[in-house]
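>
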Amino acid sequence: MITASVPKVDLSKFPRRALLEGPTPIQHLPRLSAHLGGVNVFVKREDLNGLGGGGNKLRKLEFLIGEALAVGADTIITVGARQSNHARLTAAAAARVGLKCELVLTRAVPRFDADYLDNGNILLDDLFAARVHDLPGSANSLQFAEERANELRAQGRNVYVCPLGGSSAIGCLGYADCAAEIMAQSSAADLSFDRIVVPNGSSGMHAGLVAGFVALGLDPSFVTGFTVYGNAEQAYSITLDKANQTARLIDPNLRVNGNAISINEGQLGPGYGIPTDSMRAAVRLLASTEGLLLDPVYSGKAFAGLVESATSRKYLAGQNILFVMTGGLPGLFAYRSEF
Ligand SMILES: Cc1ncc(COP(=O)(O)O)c(C=O)c1O
Numbered sequence: 001m002i003t004a005s006v007p008k009v010d011l012s013k014f015p016r017r018a019l020l021e022g023p024t025p026i027q028h029l030p031r032l033s034a035h036l037g038g039v040n041v042f043v044k045r046e047d048l049n050g051l052g053g054g055g056n057k058l059r060k061l062e063f064l065i066g067e068a069l070a071v072g073a074d075t076i077i078t079v080g081a082r083q084s085n086h087a088r089l090t091a092a093a094a095a096r097v098g099l100k101c102e103l104v105l106t107r108a109v110p111r112f113d114a115d116y117l118d119n120g121n122i123l124l125d126d127l128f129a130a131r132v133h134d135l136p137g138s139a140n141s142l143q144f145a146e147e148r149a150n151e152l153r154a155q156g157r158n159v160y161v162c163p164l165g166g167s168s169a170i171g172c173l174g175y176a177d178c179a180a181e182i183m184a185q186s187s188a189a190d191l192s193f194d195r196i197v198v199p200n201g202s203s204g205m206h207a208g209l210v211a212g213f214v215a216l217g218l219d220p221s222f223v224t225g226f227t228v229y230g231n232a233e234q235a236y237s238i239t240l241d242k243a244n245q246t247a248r249l250i251d252p253n254l255r256v257n258g259n260a261i262s263i264n265e266g267q268l269g270p271g272y273g274i275p276t277d278s279m280r281a282a283v284r285l286l287a288s289t290e291g292l293l294l295d296p297v298y299s300g301k302a303f304a305g306l307v308e309s310a311t312s313r314k315y316l317a318g319q320n321i322l323f324v325m326t327g328g329l330p331g332l333f334a335y336r337s338e339f
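Counting in full-length UniProt numbering, the sequence shown runs from 1 upward without gaps.
#1: Should N85 and G331 be called a contact, given that it needs their Cβ atoms to be closer than 8 Å?
#2: By DSSP's criteria, C162 is part of a beta bridge. Which residues make up the other side?
#3: Please list, in chain order, all residues of the same chain as A247 whose beta carbon is under 6 Å from its beta carbon, the five residues on each side excluded.
#4: According to DSSP, is E147 helix, strand or coil?
#5: Between I2 and K13, what straight-line distance do the alpha-carbon atoms span, to the nearest angstrom?
#6: If we require 3 or more residues per run, which beta strand (DSSP E) segments fall completely within the region 22 to 81?
#7: Helix, strand or coil for residue 345 per DSSP?
#8: Does DSSP put T276 in a helix, in a strand, or in coil?
#9: Excluding the 5 residues preceding and the 5 following H35 in the sequence, name in chain order all residues of the same chain whose CB lies nearer than 6 Å to its CB.
#10: By how many angstroms is the C-alpha of E146 removed from the C-alpha of A4?
#11: For ligand 3, is there any heavy atom lying closer than 7 Å to the beta carbon of T311?
#12: Along the alpha helix (DSSP H) that carries F226, what are the first and last residues, could you check?
#13: Is E67 closer than 8 Å to G55 when the C-beta atoms are compared?
#14: Can you confirm whether the region 183 to 191 touches the region 127 to 147 when touching is taken to mean that 3 or more C-beta pairs between the two stretches lie within less than 8 Å?
#15: If you follow the beta strand (DSSP E) that E102 is part of, which residue opens it and which one closes it?
#16: Hey, out of A169, V104 and Y236, whose CA is closest to Q143's CA?
#17: So is the beta-carbon of N200 under 7 Å away from any non-hydrogen atom of ligand 1?
#18: So, with DSSP's three-state summary, where would you put P15?
#19: Could you check what DSSP says for T3 in three-state terms: helix, strand or coil?
#20: For K57, verify whether its CB is less than 7 Å away from any heavy atom of ligand 1.
#21: Is P252 helix, strand or coil by DSSP?
#22: Helix, strand or coil for P296, going by three-state DSSP, please let me know.
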């Protein structure tokens with residue numbers, strides 16, 4: 001079990017633009033816990049940050065938008081898949097602070113029905129007045145974004161390019177901060193967590209949490225990331241690299257060891273954005289026992305991993321497991337035919 005007395009990570013030297021409502025609640029799920037044979041499941045409600053439909057990316061965007069404003073940007077460009085939650089929240093945050101926004105979205109996920117192509121996040125991108133560049137699945141979106149940024153710079157614009165998932169070290173600071181928030185909340189509630197479960201996509205949330213726990217002097221290996229994007233080996237090395245970059249940004253003396261990163265690829269299925277039976281079952285289970293909504297691409301697969309770990313007795317009755325609920329509700333509408 002992990003406990004901490006003084007949870008504090010000093011991020012005051014980094015530019016930051018407030019986009020959150022305050023700490024997100026940690027809630028116990030009694031009906032789901034009973035269903036899982038007495039494993040105590042808690043959720044950290046990152047979906048409750050309200051801007052733009054909510055979700056985990058807002059924590060990263062506080063620092064990314066902060067940096068963009070600090071360098072005088074008037075435009076932000078980011079990249080992702082067509083149903084990217086990160087892209088949608090970048091567009092919403094840009095609208096909030098008065099930046100122009102362009103989204104370079106690829107058709108990397110092999111889904112071509114009208115819901116996937118036009119509903120969910122992509123509908124909201126349009127409402128937030130983002131300009132969308134629609135690229136084929138094979139395109140190099142970051143290269144396109146850099147070229148587009150140079151084109152706009154030649155017209156006198158000041159452009160900030162934000163990487164996939166907002167997962168630069170600057171973006172990951174948002175989740176280093178969240179690590180401290182979790183420790184503050186758990187010590188105030190006299191609660192300790194045996195495991196924290198997160199979806200791992202572009203790896204920034206997992207990496208940021210790990211960097212935050214290292215900065216707090218804690219062993220971060222109690223965070224398990226269920227990869228939904230690359231295989232375990234890829235997710236491991238990207239997460240370790242980003243965790244180290246983030247930790248060094250906080251304090252040049254900090255180091256993240258290889259054994260700090262725990263990745264499980266058991267829920268990836270055929271690949272990124274491709275539904276699995278266990279994801280569908282997990283979305284239905286949490287909705288029908290607790291009235292809470294997961295998304296089909298990230299949190300649904302990670303929650304399926306939590307359920308599998310409880311039913312196969314990797315997590316035991318009486319243990320406290322914290323699931324980071326990351327939002328992504330619009331994705332359910334894009335994947336309507338799967339339910
Ligand atoms: C709803 C949701 N959950 C989890 C993640 C994964 O976060 P990360 O990309 O930092 O690994 C994402 C990323 O897009 C997301 O949109």
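Cβ atoms here follow ideal geometry from the backbone N, Cα and C, with glycine treated the same way.
Nothing here was measured: the structure is a model prediction, and the numbers come from that model.
Reading it off the structure:
#1: Locating residue 85 in the sequence shown gives position 85, where the first residue counts as 1. Locating residue 331 in the sequence shown gives position 331, where the first residue counts as 1. Contact: yes.
#2: What you label residue 162 is simply residue 162 of the sequence shown in a count that begins at 1. Answer is T78.
#3: If you number the sequence shown from 1, residue 247 lands on position 247. Taken in chain order, the residues that qualify are A211, V214, L254 and V256.
#4: By one-based count along the sequence shown, residue 147 stands at place 147. In the structure shown, E147 sits in a helix (DSSP, three-state: H, G or I).
#5: For this step, residue 2 is matched to residue 2 along the sequence shown. For this step, residue 13 is matched to residue 13 along the sequence shown. Residue confidence is low: I2 scores 48 on pLDDT, short of 50, so the model does not pin down where it sits. No coordinate-derived value is stated.
#6: 26 to 28, 40 to 45 and 75 to 81
#7: Summary: the structure shown does not reach residue 345, with the chain confined to residues 1 through 339, and so no result is reported for it.
#8: Locating residue 276 in the sequence shown gives position 276, counting from the first residue. In the structure shown, T276 sits in coil (DSSP, three-state: anything other than H, G, I, E or B).
#9: If you number the sequence shown from 1, residue 35 lands on position 35. Answer for H35: T289, listed in chain order.
#10: Residue mapping note: residue 4 aligns to position 4 of the sequence shown, counting from 1. Residue mapping note: residue 146 aligns to position 146 of the sequence shown, counting from 1. The predicted position of A4 is uncertain, since its pLDDT is 45 and thus under 50; a value taken from the coordinates is nonetheless stated next. Between A4 and E146, the C-alpha separation is close to 42 Å.
#11: Annotation note on ligand 3: not contained in the displayed structure, which lists ligand 1 as its ligands.
#12: As a working mapping, residue 226 is identified with position 226 in the sequence shown. First-last for F226: V223 to T227, but that is the beta strand (DSSP E), not the alpha helix (DSSP H).
#13: Within the sequence shown, residue 55 is the residue found at index 55, counting from 1. Within the sequence shown, residue 67 is the residue found at index 67, counting from 1. Contact flag unset, no.
#14: no
#15: Counted from its first residue, the sequence shown places residue 102 at position 102. K100 to R107 is the span of the beta strand (DSSP E), which, as asked, contains E102.
#16: Working through the sequence shown from its first residue, we reach residue 143 at position 143. The shortest Cα separation from Q143 among A169, V104 and Y236 belongs to V104.
#17: The residue labelled residue 200 in the question sits at position 200 within the sequence shown. At least one heavy atom of ligand 1 is nearer than 7 Å to the Cβ of N200, so yes.
#18: Residue numbering aside, residue 15 sits at position 15 when the sequence shown is read from its first letter. Note: P15 maps to coil in three-state DSSP.
#19: Counting from 1 along the sequence shown, the entry for residue 3 is found at position 3. At T3 the pLDDT is 47, less than 50, meaning the model places this residue with poor confidence; the figure from the coordinates comes in the next sentence. Three-state DSSP puts T3 in coil, outside helix and strand.
#20: If you number the sequence shown from 1, residue 57 lands on position 57. K57 Cβ: within cutoff of ligand 1.
#21: One-based indexing of the sequence shown puts residue 252 at position 252. The answer is coil: DSSP assigns P252 none of H, G, I, E or B.
#22: Residue mapping note: residue 296 aligns to position 296 of the sequence shown, counting from 1. Three-state result, P296: coil.
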